[in-house]
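Quick note, the sequence shown lines up with residues 207 to 670 if you use this note's numbering. To start, the structure itself, in structure tokens.
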Amino acid sequence: MQRWVLHVDMDAFYASVEQLTRPTLRGRPVLVGGVSGRGVVAGASYQARAFGAHSAMPMHQAKKLVGFGAVVITPRGRVYSAASRRVFEVIRRHAGIIEQLSIDEAFMEPPELVGATPDEVRDWAENLRSEVKAETGLPCSIGAGSGKQYAKIGSGEAKPDGVYVIPVERQREMLDPLPVRKLWGIGPVAEAKLHQLGVDTIADFAAMTEAEVRISLGSTVGVALWRLARGHDDRPVAPRAVAKQISTEHTYPKDLTTVAEVDEAIDRAAAGAHRRLLADGRGARTVTVKLKMADFRTESRSQSLPYTTDEKATLVAVAHNLARYPDEVGPIRLVGVSFSGLEHARQNVLFPELDQRITVPEPDADYEVGVRGSTNEPPVLTVTEPAPESRWKATEDVHHPEYGHGWVQGAGHGIVSVRFETRTTDRGRTRNFDENDPSLCSADPLDSLDWDDWFASREDCGDG
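Put into structure tokens, the structure is as follows:
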């Protein structure tokens, strides 16, 4: 019987959610991401992509490509998380078990489609897209094929807002001419190696011998990718495995050059990872500190405890003892802390304070005298751009008792401009207020979705 695997991918998810909840942004080139000097694009609307902007691009570069029409939005994680939960709630109702890959994409293998014709699969997928759009207002694309690889390629071909079915008899015809990078799992490093061998398309890759693949890409991952290129993909659709690692990292707008700055960055990253650890419900045995230097070198150092714990003081102390500083590695632009070796069973130890001591190296250079060896209070770490003139931040959610929910369109010189609109309104009007107007207050970003009934039955759906 014909097997059908489908891959659903939300179209420009972050930007689509912003355009859904803020009607003024519909049809505009929206860039979602960090606004600092080193901010990156987390999501770009299709209007922005038309200018060449895309995810993971430095924000300053994306804004330059799009020009003055670019609308830069600070990410609202809780809103995206809630929207994702509702989207996949709809999908699970129709598809049953899904394998969710991220906040905006998943595989599914609906039992009712076993043995179906391509036209029947296309109709089923179109109906699912319509259901998602009707209930959430968000667009998605769906690809279908005999395995995950074909489904993933199909959803890429379906974008934006469409369905693309790859019949078994046309798999080779459609797959072979595609660039080898289109093969799911081929990254830039593997692509470069293959190009050096004259392998440019998936057909070229499939034509290699297994021995050649083992030599060039390795006997495990390389051979698995080669088999996918040859059309062999029997991987099951199953719920994702439990996370093996919990981490938090931050890129800073200015290089960290002192011990005090690095120490505070480690505290910040460790605190974020610890919050996620507590939410996960497990303890950790291994702590890893990741540093990325100004020249983009990356270094990771790990230490394992003889027991599993969720005690913050212990985990933070281990992170500090793993730290390296600018006098050793140069200016630092990113600091991350991760916890692994996760287990539900946690052990009590007799003297936890022994693992909570932080060892501070002695000053070993003139540079460090007054820095690492200083007896003064460490300076406060600045992690954002200089404070704006106004207390209101651009794109912040606000509420007014007369005009309702809105978002800050601009602020400065004692005036804040707010556009009042939500998912269920038309394009809102902009009104100006004194920045200290007591009637204007910060609001819950989730209110912009206007999903009160849905939230009422799912108390935790706003978390994320």
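Built from N, CA and C at the ideal position, the CB exists for glycine as well.
So, under 8 Å CB-CB, P537 and A500 are touching, yes? Tell me the CB distance rounded to an integer number of Å.
Your numbering for residue 537 matches position 331 in the sequence shown. Your numbering for residue 500 matches position 294 in the sequence shown. Contact holds; Cβ gap of about 4 Å.
Per DSSP, R625 is paired with what?
By 1-based counting over the sequence shown, the position of residue 625 is 419. Partner(s): W613 and T636.
Which runs of the beta strand (DSSP E), 3 residues or longer, sit entirely within the segment 275 to 313?
Taking only runs of at least 3 residues, the beta strand (DSSP E) segments lying wholly in the segment 275 to 313 are 277 to 279 and 304 to 308.
To which residues of the same chain is T601 closer than 7 Å at the C-beta, ignoring the five residues directly before and after it?
For the purposes of this step, residue 601 is identified with residue 395 of the sequence shown, where counting begins at 1. Same-chain partners within the cutoff: I279, T280, W613 and V614.
Counting along the chain, where does the beta strand (DSSP E) carrying Y458 start and finish?
Sequence index remark: in the sequence shown, residue 458 carries index 252 (1-based). That run of the beta strand (DSSP E) goes Q451 to L462.
Going along the chain, which residues of its own chain have a beta-carbon closer than 7 Å to the beta-carbon of V555, five neighbours each way excluded?
Counting from one through the sequence shown, the residue named residue 555 turns up at place 349. Low confidence applies to V555: its pLDDT is 47, below 50, so where it sits in the model is not reliable enough to give any reading.
Should F274 go down as buried or exposed, given a rule of 16 or more other Cβ atoms within 10 Å for buried?
Here the question's residue 274 lines up with position 68 in the sequence shown. F274 comes out exposed.
Alpha carbon to alpha carbon, what distance is there between P532 and S544?
Here the question's residue 544 lines up with position 338 in the sequence shown. Here the question's residue 532 lines up with position 326 in the sequence shown. The alpha-carbon atoms of S544 and P532 are separated by roughly 21 Å.
Distance check for E470 and V338, CA to CA, integer angstroms please.
By 1-based counting over the sequence shown, the position of residue 338 is 132. By 1-based counting over the sequence shown, the position of residue 470 is 264. Rounded to the nearest angstrom, the two C-alpha atoms are 43 Å apart.
Based on the DSSP secondary-structure assignment, which residues constitute the bridge partners of M216?
Taking the sequence shown and counting its residues from 1, one reaches residue 216 at position 10. Answer is C346.
Assuming contact is defined by CB atoms lying nearer than 7 Å, are V443 and E326 in contact in what I supplied?
As a first step, residue 443 is located in the sequence shown; it is residue number 237 there, counting from the start. As a first step, residue 326 is located in the sequence shown; it is residue number 120 there, counting from the start. Cβ atoms of V443 and E326: not closer than 7 Å.
What's the C-alpha gap between G424 and Y458?
Residue mapping note: residue 424 aligns to position 218 of the sequence shown, counting from 1. Residue mapping note: residue 458 aligns to position 252 of the sequence shown, counting from 1. Taking the straight line joining both Cα atoms gives about 36 Å.
Just to confirm my understanding: we take L173, look at its own chain, exclude 5 residues before and 5 after, and list those with CB closer than 7 Å. What are they?
The chain is shown from 207 up to 670; residue 173 falls before or after that span and cannot be answered.
Measuring CB to CB, does G258 end up less than 7 Å from V247?
For the purposes of this step, residue 258 is taken as residue 52 along the sequence shown, with counting starting at 1. For the purposes of this step, residue 247 is taken as residue 41 along the sequence shown, with counting starting at 1. Cβ atoms of G258 and V247: not closer than 7 Å.
Hey, G349 and H213: beta-carbon distance below 7 Å or not?
Here residue 349 is taken as the residue at index 143 of the sequence shown, counted from 1. Here residue 213 is taken as the residue at index 7 of the sequence shown, counted from 1. Yes, these two residues count as a Cβ contact at 7 Å.
What is the DSSP secondary structure of I538, reduced to helix, strand or coil?
By one-based count along the sequence shown, residue 538 stands at place 332. DSSP places I538 in strand when its eight states are reduced to three.
From what residue to what residue does the alpha helix (DSSP H) around Y252 run?
The residue given as residue 252 occupies position 46 in the sequence shown. Y252 to R255 is the span of the alpha helix (DSSP H), which, as asked, contains Y252.
Would the segment 629 to 637 count as touching the segment 220 to 233 if we require 3 or more Cβ pairs under 8 Å?
Yes, they touch.
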